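The next block holds one structure in the form of structure tokens; read it before the comments.
Number of protein chains: 2
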Amino acid sequence: MNEWQLLRLIQGHVPAAGDDCAVLPFGGTNLLLTTDMLHRASDFPPGTAPYTIGWRSVAVSLSDIAAMGGRPLAVVLAASAPDWEGLLPGVLAGAQAACREAGCELVGGDLDFSRELTLVSSALGETSRPVLRSGARPGDLLCLTGPLGRTALALRLSSRGELGEANRLLRFIPRLEAGRRLAAQATSMLDLSDSLAHSLHLLARASGVGLELRADSLPLVPGVSLDEALYYGEDYELLCTIPPGLFRPELGVEVGRAVEAGVWLIRDGRRVELSDRGWVHGPDAEGGTG
Amino acid sequence: MNEWQLLRLIQGHVPAAGDDCAVLPFGGTNLLLTTDMLHRASDFPPGTAPYTIGWRSVAVSLSDIAAMGGRPLAVVLAASAPDWEGLLPGVLAGAQAACREAGCELVGGDLDFSRELTLVSSALGETSRPVLRSGARPGDLLCLTGPLGRTALALRLSSRGELGEANRLLRFIPRLEAGRRLAAQATSMLDLSDSLAHSLHLLARASGVGLELRADSLPLVPGVSLDEALYYGEDYELLCTIPPGLFRPELGVEVGRAVEAGVWLIRDGRRVELSDRGWVHGPDAEGGTG
Chain A
1 MNEWQLLRLI
11 QGHVPAAGDD
21 CAVLPFGGTN
31 LLLTTDMLHR
41 ASDFPPGTAP
51 YTIGWRSVAV
61 SLSDIAAMGG
71 RPLAVVLAAS
81 APDWEGLLPG
91 VLAGAQAACR
101 EAGCELVGGD
111 LDFSRELTLV
121 SSALGETSRP
131 VLRSGARPGD
141 LLCLTGPLGR
151 TALALRLSSR
161 GELGEANRLL
171 RFIPRLEAGR
181 RLAAQATSML
191 DLSDSLAHSL
201 HLLARASGVG
211 LELRADSLPL
221 VPGVSLDEAL
231 YYGEDYELLC
241 TIPPGLFRPE
251 LGVEVGRAVE
261 AGVWLIRDGR
271 RVELSDRGWV
281 HGPDAEGGTG
Chain B
291 MNEWQLLRLI
301 QGHVPAAGDD
311 CAVLPFGGTN
321 LLLTTDMLHR
331 ASDFPPGTAP
341 YTIGWRSVAV
351 SLSDIAAMGG
361 RPLAVVLAAS
371 APDWEGLLPG
381 VLAGAQAACR
391 EAGCELVGGD
401 LDFSRELTLV
411 SSALGETSRP
421 VLRSGARPGD
431 LLCLTGPLGR
441 TALALRLSSR
451 GELGEANRLL
461 RFIPRLEAGR
471 RLAAQATSML
481 DLSDSLAHSL
491 HLLARASGVG
501 LELRADSLPL
511 VPGVSLDEAL
521 YYGEDYELLC
531 TIPPGLFRPE
541 LGVEVGRAVE
551 AGVWLIRDGR
561 RVELSDRGWV
571 HGPDAEGGTG
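Sequence order for the protein chains is A and B. For the first sequence, position 160 matches number 160 in the numbering used here, and the numbering has no gaps at all. For the second sequence, position 209 matches number 499 in the numbering used here, and the numbering has no gaps at all.
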């Protein structure tokens, strides 16, 4: 069983799960609640600074709030490490800076000890109109909020010892403003924590549509290959669908459209099936079904 | 550095931390947000069933909502394990049952893999009148919602192989109803996740008062010693202070009173200082300052 299979299993058991955040109607609006777990070995390349670790731990949850079109209210962080000496001030400062950047506050946490550094952030948000993964309709345009490959490039730089630039790339800014702009137009949305290929399959499955991606319109971070953009993941841009009449260039980059069925890549004039794969955590981590 | 020292450090860095939950004014009321992390080695004795693990993981956060006098709205659970085979259905069923018992729902989560089983629950609640740790005044009565020693006894039974009864004791019911009843009367409150001795010190420090505990009035689970009740912890009863004129027996058991300064145990007619110690996680885990 790998991580994707686990997450599908939890959706079977927990009906409210399955979107970027849980949506809780409250006081005439909706509260959003999400939680994300990161581990030293699987989520942070060697050379990741404590400040970057703290920043990213919080930013992944804020990105889920962005993916619903929400406004963040607060974040709590639970973290354990073998030894906090020299680690704690940086992690807390990074987590607090990511919250401030997003216009909210780190309001609490739990700290203790474990063999591997493990961080879990939970973010609370609010929106009157949550954008789910399930609203895409054939004919909608497929849009992205920015170029892909940022984490793939960070890992390459990190392995070459270019740690300053690698850390800068790893401290991504959650697309909260873009998410709120899109909330009025988008029919479906998610954040690219997984690979673009897997995210397209998630969106297609949740909406009961197909999706067609045009390779030549895909924005890439300089130095990143199409394969890295398709299959690496952890880009934390927003992927959404917008009815053609509502699309405006300031909302994002148009990269394809929703169709009746299938997940397709159009490349060099040919349309091929895009397999459901990416970089997956877990013992049977071959990645998806493709 | 041990766990208590870590938690004091985080309170220095994160001003909103330091109570059982963060309090977030929202829409004419207050939202409550809390997170708790548990690990296989330090938090679950051998023989703890997956269902009990799931239950307890969620119950510890719901207990924090109870300690503010709050009503729970939802819980999310992040969890990692070396292998989920045979573990996941029980953990999820236990977590969902604890939520149902509390009148809320498990609405989402994150699951992945790590060397040690680690679970982090985050609970969201609401209350118009949060009860903080800081409101105790000299003269208030000190009260408890139930007998102490349940987890100490569970560990003893578990080490003897009496796993059925040990698991039953470990699946404590968060004192949400008691917390809501107390919300109108209590001047300060916290839940006994730590030892009673440490909790008394936390309450005294937060309120700027002293506390006097009468050993002969302390309710104990049958078979538990006074020392276990004072220093073991993980009882998850609520400890609070109530002005004498507002106390009614249905609110709890009166076990002492708030005084000007110091934390004291009255036993066999003598008043002795109660040291700030208990069972603490962490490399320098001698426990507190006493």
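The beta-carbon is built from N, C-alpha and C at its ideal position, and this holds for glycine as well. Computed from a prediction, not measured in an experiment: that's the story for all the values here.
Indicate whether residue i and residue j have their beta-carbon atoms separated by less than 9 angstroms.
i: Thr34(A); j: Ser134(A); result: no
i: Ala235(A); j: Leu274(A); result: The question names Ala, but residue 235(A) in the sequence shown is Asp. It is not a contact, given that the beta carbons lie outside the stated cut-off.
i: Gly256(A); j: Leu142(A); result: yes
i: Val543(B); j: Pro509(B); result: yes
i: Val350(B); j: Leu328(B); result: yes
i: His303(B); j: Pro89(A); result: yes
i: Gly523(B); j: Ser485(B); result: yes
i: Trp294(B); j: Leu460(B); result: no
i: Leu480(B); j: Leu352(B); result: no
i: Ser347(B); j: Val381(B); result: yes
i: Leu472(B); j: Thr435(B); result: yes
i: Leu321(B); j: Gly415(B); result: yes
i: Asp68(A); j: Asp140(A); result: Correcting the residue type first, residue 68(A) is Met in the shown sequence and not Asp. Contact flag unset, no.
i: Leu409(B); j: Ala442(B); result: no
i: Ala426(B); j: Ala494(B); result: yes
i: Trp264(A); j: Tyr231(A); result: no
i: Asn167(A); j: Ala49(A); result: yes
Using 10 angstroms around the beta-carbon of residue i, count the other beta-carbons present and answer buried if the total reaches 16, otherwise exposed.
i: Gly399(B); result: buried
i: Pro464(B); result: buried
i: Asp112(A); result: buried
i: Val514(B); result: buried
i: Pro72(A); result: buried
i: Thr289(A); result: Model confidence at Thr289(A) stands at a pLDDT of 34, short of 50, so the residue's coordinates are unreliable; what they give is reported in the following sentence. Counting Cβ neighbours within 10 Å, Thr289(A) comes out exposed, since fewer than 16 surround it.
i: Arg150(A); result: buried
i: Gly552(B); result: exposed
i: Arg538(B); result: exposed
i: Asp276(A); result: buried
i: Ser448(B); result: buried
Can you confirm whether residue i, when its beta carbon is compared against all beta carbons of chain B, has any partner nearer than 9 angstroms?
i: Gly288(A); result: Because Gly288(A) carries a pLDDT of 41, less than 50, the predicted location of this residue cannot be relied on, and the following value inherits that uncertainty. Not one chain B Cβ lies under 9 angstroms of Gly288(A).
i: Thr48(A); result: no
i: Ser42(A); result: yes
i: Val14(A); result: yes
i: Ile65(A); result: no
i: Leu192(A); result: no
i: Ile53(A); result: no
i: Leu132(A); result: no
i: Arg135(A); result: Sequence check: residue 135(A) is Gly here, not Arg. It does not; no Cβ of chain B falls within 9 angstroms.
i: Gly108(A); result: yes
i: Gly139(A); result: no
i: Leu9(A); result: yes
i: Gln96(A); result: yes
i: Thr145(A); result: no
i: Glu126(A); result: yes
i: Thr118(A); result: yes
Return the first residue and the last residue of the beta strand (DSSP E) that residue i is part of.
i: Glu126(A); result: Thr118 to Thr127
i: Ser370(B); result: Arg361 to Ala371
i: Asp333(B); result: Here Asp333(B) belongs to no beta strand (DSSP E); instead the alpha helix (DSSP H) covers Arg330 to Asp333.
i: Ala22(A); result: Ala22 to Phe26
i: Glu85(A); result: That residue, Glu85(A), is in no beta strand (DSSP E); it is neither H nor E in DSSP.
i: Gly18(A); result: Per DSSP, Gly18(A) belongs to no beta strand (DSSP E) and is neither H nor E.
i: Ala505(B); result: Taken as a continuous stretch (DSSP letters only), Ala505(B) belongs to no beta strand (DSSP E), as it is neither H nor E.
Does any C-beta atom of chain A lie closer than 9 angstroms to the C-beta of residue i?
i: Ser497(B); result: no
i: Phe403(B); result: yes
i: Ala307(B); result: yes
i: Leu321(B); result: yes
i: Thr324(B); result: yes
i: Ile556(B); result: no
i: Glu293(B); result: yes
i: Leu529(B); result: no
Alpha helix (DSSP H) containing residue i: first to last residue?
i: Glu3(A); result: Glu3 to His13
i: Ser195(A); result: Neither: Ser195(A) is in no alpha helix (DSSP H) and is coded neither H nor E.
i: Pro340(B); result: Pro340 to Ala357
i: Pro379(B); result: Leu378 to Glu391
i: Glu165(A); result: Leu163 to Leu170
i: Ala229(A); result: Leu226 to Tyr231
i: Gly179(A); result: Leu176 to Ala183
i: Ala152(A); result: Arg150 to Ser159
Does the beta-carbon of residue i, which I'm using as the reference point, lie nearer than 8 angstroms to any heavy atom of the ligand GDP?
i: Arg133(A); result: In the structure on display, the ligand GDP does not appear, and there are no ligands present to speak of.
Within 9 angstroms of chain C by C-beta, residues of the region 369-383 of chain B in sequence order: In the structure shown, chain C cannot be found, because the protein chains are A and B.
Inter-stretch contact (C-beta, 8 angstroms, three-pair minimum) for the region 91-107 of chain A and the region 152-168 of chain A: no
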